[in-house]
Amino acid sequence: MAMNYQPSDPILLGSGELYIGLAKDIEDLSNLTTTEEEALVNIGAIESGANIAIKTDKLEIKSGNRGTVKKITVDKEVRFSTGIMTWIMENVSKYLLGANFSKDELTGEQKMVISRRDNSPIVYLRFVHEKQDGGTLTVNIYKAQFDSELGLDFTQENPVTINYEFAGLATDDLNYIEFIETFGDQQG
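Right, here's the structure in full:
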């Protein structure tokens, strides 16, 4: 039997730009308007290490004498981790932690106060990765919530954050995530 071979390049989500908007401000999470697209905030450049993990929980149906006869999907877990990225204090406060942020307009001093009462907002998350062929791989998580520790690294000239991790939440129609791939110039 002949197999139809299709060449493919591995898709590595190493670096890219991360855009976020508050999910409550978007009318249709699967079809943003131009205004909603333009309102997404670039919260930083991911230098390396971005990844997505999708886990499926199954329920096994067993027969008394034949063992497992079927598996039914009962849940999915979608997680997006940024790896190493630049950060802007106001964006970390507003879109990740739900923390109190203030800026002194006279001196420019910024302050973020993290409290036990903070609640991470539900956000629309878009990650855009530029491929080597000039195309893009865009990942849209319709509803996501920051769900991890916040690591700040001050050893470099410009501080970076390590591993923002977001949990995908199901929409009303039970969708989590979409992948959109475009292709650049294929001519050599």
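For the sequence shown, this note's numbering assigns the number 786 to the last residue and increments by one with no breaks.
From the three backbone atoms N, C-alpha and C, an ideal C-beta is built for every residue, glycine too.
In this text, all values refer to a predicted model and were calculated from it rather than measured experimentally.
Bridge partners of residue i, per DSSP?
i: Tyr617; result: Asn640, Arg724
i: Glu763; result: Ser679
i: Val569; result: Since the first residue of the chain shown is 599 and the last is 786, residue 569 is not available in this structure.
i: Met710; result: Phe699
i: Gln743; result: Ile720, Ala765
i: Thr684; result: Val758
i: Ser646; result: Ile682
I need the boundaries of the beta strand (DSSP E) containing residue i, first residue and last residue.
i: Arg677; result: 665 to 679
i: Phe781; result: Neither: Phe781 is in no beta strand (DSSP E) and is coded neither H nor E.
i: Phe699; result: 698 to 701
i: Gly749; result: 749 to 751
i: Asp655; result: 649 to 661
i: Tyr773; result: Per the sequence presented here, residue 773 reads as Asn, with Tyr not at that position. Asn773 -> no beta strand (DSSP E), and no H or E assigned at all.
Taking C-alpha atoms, which residue in the options lies nearest to residue i?
i: Phe725; options: Glu636, Glu625, Thr632, Ile641; result: Ile641
i: Arg715; options: Leu695, Gln708, Leu723; result: Leu695
i: Asn698; options: Glu688, Leu704, Glu707; result: Glu688
i: Ile775; options: Phe764, Glu728, Gly782; result: Phe764
i: Tyr722; options: Gly662, Leu638, Glu615, Thr632; result: Leu638
i: Ile650; options: Asn717, Ser679, Val758, Phe777; result: Ser679
i: Thr769; options: Ile720, Phe781, Gly749; result: Ile720
i: Gln730; options: Gly662, Phe781, Thr633; result: Phe781
i: Glu779; options: Leu748, His727, Gly614, Glu658; result: His727
i: Thr732; options: Glu747, Leu630, Asp783; result: Correcting the residue identity first, residue 732 is Gly in this sequence and not Thr. Here the closest residue by C-alpha is Asp783.
Comparing the C-beta of residue i with each C-beta of chain C, is any distance below 8 Å?
i: Asn698; result: Of the chains in the structure shown, none is chain C; there is only one protein chain.
Is it buried or exposed, residue i, if we count other Cβ atoms within 10 angstroms and call 16 or more buried?
i: Ser691; result: buried
i: Leu750; result: exposed
i: Phe744; result: buried
i: Val758; result: buried
i: Val789; result: Summary: the structure shown does not reach residue 789, with the chain confined to residues 599 through 786, and so no result is reported for it.
i: Leu772; result: exposed
i: Leu704; result: exposed
Next item on the list: Say whether the stretch 678 to 690 touches the stretch 642 to 659, bearing in mind that this needs 3 or more beta-carbon pairs closer than 8 Å, one atom from each stretch.
Entry: The stretch 678 to 690, when compared against the stretch 642 to 659, does touch it at the 8 Å Cβ threshold.
Note to self: Contact between the stretch 739 to 753 and the stretch 611 to 627 is defined here as three or more beta-carbon pairs at a separation below 8 Å; is this criterion met?
What the structure shows: With a cut-off of 8 Å on Cβ pairs, the stretch 739 to 753 is in contact with the stretch 611 to 627, counting three or more such pairs.
Next item on the list: Would you check if there are 3 or more beta carbon pairs closer than 8 Å linking the stretch 650 to 657 to the stretch 667 to 683?
Entry: Cβ pair count under 8 Å is three or more, so yes.
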